[in-house]
Amino acid sequence: MTDPQQPSGSFRTRSIHVGNQCDPATGAVVPPIHLATTFRQPGAGKWGEFDYSRSGNPTRSNLQETLASLEGGVGALAFSSGMAAIHGVTMMLKAGDHVLAGCDLYGGAYRLLHKICDRSGIDVSLVDLTDLDAVSGAITDRTKLIWAESIGNPRLSIPDLPALAALAKQHDCLIGVDNTFGTPALLRPLEHGLDIVMHSATKYLGGHSDCLGGTLAVAEQELFDQLYYIQNATGAVLDPLSCFLTSRGIKTLDLRVRAQSQTALQLATWLESHPRVKQVLYPGLPSHPQHQRATELFDGAYGGMVTFELDAGVEQTAKVCESTKLFHLAVSLGAVESLIEQPATMSHASYDEADRKRFGISDGLIRLSVGLESFQDLRDDLDAAIQSSS
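Using numbering that gives the first Met the number 0, you'd call the opening residue of the sequence shown number 0 and step up by one each time.
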């Protein structure tokens, strides 16, 4: 939970200081990692602040304190993965409930909603969240959750989050958003009236491809208590070492994301003029259909993800992805090294084929996660790979 005595200040300052108090025992400026799984209690039936590491751990509490401050929430929870965090949200639902999710949706979330939640009798509909009329028409009296992505995956669509939050309130349903691509450095959805914000901490929060995790931050105490109960009951908590690594990554989050965004914009601009490129999707480009909305929502930058489409088939597109030297061919994103992937065969392979076609996940689509390498080196690497597939 947040502590009113913690330092105030800018996002960047709080990311370094909140939840990272000096160790009172030694004066160490970096809090120690608490690996203990159980804690000695003051008496039988008398509980200290921590009792068992599934229910609470000092290192996890530090990270959650940082996240709650940065997100502007009443509290935050750290999960064993991003998917565990989303699953925690869906476990508030019951048979007969309806989830309305965006059609520009991460493949793992698609799989969870369509292949796991449906086993519990939860209905799922996908809709273009940038079309408010379509959203309003898809909401039923059984809709209990709207699930959005602040920047859609993989086509980088930008929904009108404040308007969606107003719709959710009007229909008395929860609204949550996966803000992994946006990061709290650029967008804080709770400030726009949403109930829940989720991150795959594996990505930008950790930032170095070395820890797996997920987070939730929430706007209201009652909702936090429900989600904490679910997490404690089911046990999908983040381990202390991963909490430490995520806390360390958050200290440089603002710097990294803004540098990655600058290079991403340069690459997207260059790709728009490339003769082999059919389409470029990047919120920072004036050509993006929701560019103005992104400019209004985001804090001075547009993120480090770029998607573009080649006028090519699945094999030719795969060859481009396989030919880069600096861009690693890998799923995941948001770290210091740049990654490249083909959504149709990788991150979104869990989509039913008909849904891939319906939602524009073509064989020629390529998704980039832009790291911290120089623009010139990344441009040359990408250009050589595209030319090699000619």
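Idealized CB from N, CA, C, for every residue including glycine.
Predicted model only: the values in this text are computed from it and were never measured.
With H, G and I counted as helix, E and B as strand and the rest as coil, what does DSSP make of Met91? coil
Does the segment 236 to 250 come into contact with the segment 39 to 59, if we say contact requires no fewer than three beta-carbon pairs (one atom in each stretch) closer than 8 Å? yes
Reduced DSSP secondary structure (H/G/I, E/B, other) of His86: helix
Within 10 Å of its beta-carbon, does Ser373 have 16 or more other beta-carbons around it, so buried, or fewer, so exposed? exposed
Between which two residues does the alpha helix (DSSP H) carrying Lys318 extend? 313 to 322
So which of Glu64, Gly363, Tyr51 has the shortest CA-CA distance to Glu308? Gly363
Per DSSP, what kind of secondary structure is Gln341 in: helix, strand or coil? coil
Based on the DSSP output, what are the partners of Ser368 in its beta bridges? Met304, Leu338
Taking 7 Å as the cut-off, is the CB of Ser331 close to at least one heavy atom of the ligand HEM? Of the ligands one can find in the structure shown there are none, so the ligand HEM has no counterpart to examine.
Apart from the five residues on each side of it in sequence, which residues of its chain come closer than 7 Å, Cβ to Cβ, to Leu106? According to the sequence displayed, residue 106 carries Gly and not Leu. Once the five neighbours on either side are set aside, the close Cβ partners of Gly106 are Ser346, His347, Ala348, Ser349, Tyr350.
Length at least 4, wholly inside the segment 153 to 223: the alpha helix (DSSP H) runs in chain order: 160 to 169, 182 to 185
How big is the Cα-Cα spacing for Ile365 and Val276? 10 Å
Return the residue from the list Ala133, Ser119, Leu185 that minimises the CA-CA distance to Arg11. Leu185
To which residues does DSSP link Ser124 through a beta bridge? Leu99
To the nearest angstrom, how far is the alpha carbon of Cys320 from that of Thr294? 30 Å
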